[in-house]
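Residue numbers (the working numbering): 287 to 602.
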């Protein structure tokens, strides 16, 4: 008679098979479901720079003044679901006079928006009272698993996408990210009714001046795993021109280097490290360890099973 395999050998074999099955499931099933845009986000990003802006009280453009842009993003959990993330965005542009502001409407500029994206691809999902309608692949963040290629970034002031080129890597607070850059040439974005004298038409009480926008330079440093923006530097310029004119008459805002503050950078890097570590654990570290351990346990358990069944029951 031959004896049956020992319980230990069967346990080792079963555990090894389980780990070998678990590894690909983590990669192909769990990871794609973990790499999704959150719905409960509550993040504030602050930009600061020195530049020019139109002072309404002085009715003239003042120069070399501090400018602060604050952007708060809050997720609407009720309107979001498993496929779509709904984020409400409030952006204020403040001068030294309006900070700290009790009412954001006292700021130099104040705007609200609602962004709806596919939680997995980061592409726009046009629904849920989206405002404004937007396109592109990136805005508040990039997609997960960022590639070394150009991306279409939505510029809210332009009202269109800007192609950002990949420019290598850079470390932000010691953490490496992908660099993307681009510019926006002077572009007409609309009209605004203003006194004619403001744009060099003193004979007209009111005119519909042309609004023009450009960007001296856009630089974004992005975490490769999560798509989180680690650092942003913008160079917005907004002006008014008389109808049909080819030259700017009034500078509304002109900041060549409007950059994330150190606190904003620190928060972004810390979040990218934590989220990236979780994604790497689920998609790489644990599967590799499970495969190696599963293979060893399956081999050891299989050998013990074969040996156990191959010996006579009365063998000592």
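For every residue, glycine included, the Cβ atom is placed at its ideal position computed from N, Cα and C.
Quick caveat, the model's predicted, so the values are computed rather than measured.
**Prompt:** Are the C-beta atoms of residue 508 and some chain D residue less than 7 Å apart?
**Reply:** Chain labels in this structure do not include chain D; a single protein chain is all it has.
**Message:** Quick check on the DSSP output: what are the complete alpha helix (DSSP H) runs of length 4 or more inside the region 347 to 373, in order along the chain?
**Reply:** none
**Item:** residue 505 beta carbon less than 7 Å from that of residue 519
**Value:** yes
**Request:** Specify, as a first and last residue, the run of the beta strand (DSSP E) that residue 474 falls within.
**Result:** 461 to 481
**Asked** Are residue 500 and residue 471 close, meaning C-beta to C-beta below 7 Å?
**Response** yes
**Request:** Label residue 434 either buried or exposed according to how many other C-beta atoms from any shown protein chain fall within 10 Å of its C-beta, with 16 as the threshold for buried.
**Result:** Counting Cβ neighbours within 10 Å, residue 434 comes out exposed, since fewer than 16 surround it.
**Nearest neighbour of residue 517, chosen from 394, 370, 337, 464 [CA to CA]** = 464
**Prompt:** So what's residue 327 in DSSP terms, helix, strand or just coil?
**Reply:** coil
**Asked** Are residue 448 and residue 508 closer than 7 Å when you measure CB to CB?
**Response** no
**Asked** Between residue 494 and the rest of its own chain, which residues show a CB-CB distance below 6 Å, the 5 nearest in sequence each way excluded?
**Response** 477, 479
**Item:** In DSSP terms, what residue 403 is bridged to
**Value:** 371, 410
**Asked** By how many angstroms is the C-alpha of residue 564 removed from the C-alpha of residue 287?
**Response** Residue placement at residue 287 is flagged as unreliable, the pLDDT there being 46, under the threshold of 50; the coordinate-derived value follows with that caveat. Roughly 52 Å between the two C-alpha positions.
**Asked** Helix or strand or just coil, what does DSSP make of residue 564?
**Response** Here residue 564 sits in helix by DSSP.
**Prompt:** Among 445, 420, 556, 428, which one has its Cα closest to the Cα of residue 460?
**Reply:** Taking residue 460 as reference, the option from 445, 420, 556, 428 with the minimal CA-CA separation is 556.
**Prompt:** If we ignore side chains and look at the alpha-carbon of each, how far apart do residue 375 and residue 530 end up?
**Reply:** 34 Å
**Helix, strand or coil at residue 415 according to DSSP, with G and I counted as helix** = Here residue 415 carries a coil assignment [DSSP, helix/strand/coil].
**Asked** If you drop the 5 nearest sequence neighbours on each side, which residues of the same chain put their C-beta closer than 7 Å to that of residue 422?
**Response** 438, 439, 440, 447
**Request:** Identify, in the order they occur along the chain, each residue of the same chain with its Cβ nearer than 8 Å to the Cβ of residue 338, setting aside the five sequence neighbours on each side.
**Result:** 347, 348, 349, 350, 351, 537, 539, 540, 541
**Asked** Leaving out the 5 sequence neighbours to the left and right, which residues in its chain are closer than 6 Å to residue 360 when beta-carbon positions are compared?
**Response** 328, 374
**Request:** Specify, as a first and last residue, the run of the beta strand (DSSP E) that residue 441 falls within.
**Result:** It spans 437 to 441 - the beta strand (DSSP E) in which residue 441 sits, taken as one unbroken run.
**Message:** Please identify the residue among 414, 481, 369, 574 whose C-alpha is closest to the C-alpha of residue 490.
**Reply:** 481
**Asked** Under 7 Å between the Cβ atoms of residue 354 and residue 334?
**Response** yes
**Prompt:** Cα separation between residue 527 and residue 426?
**Reply:** 30 Å
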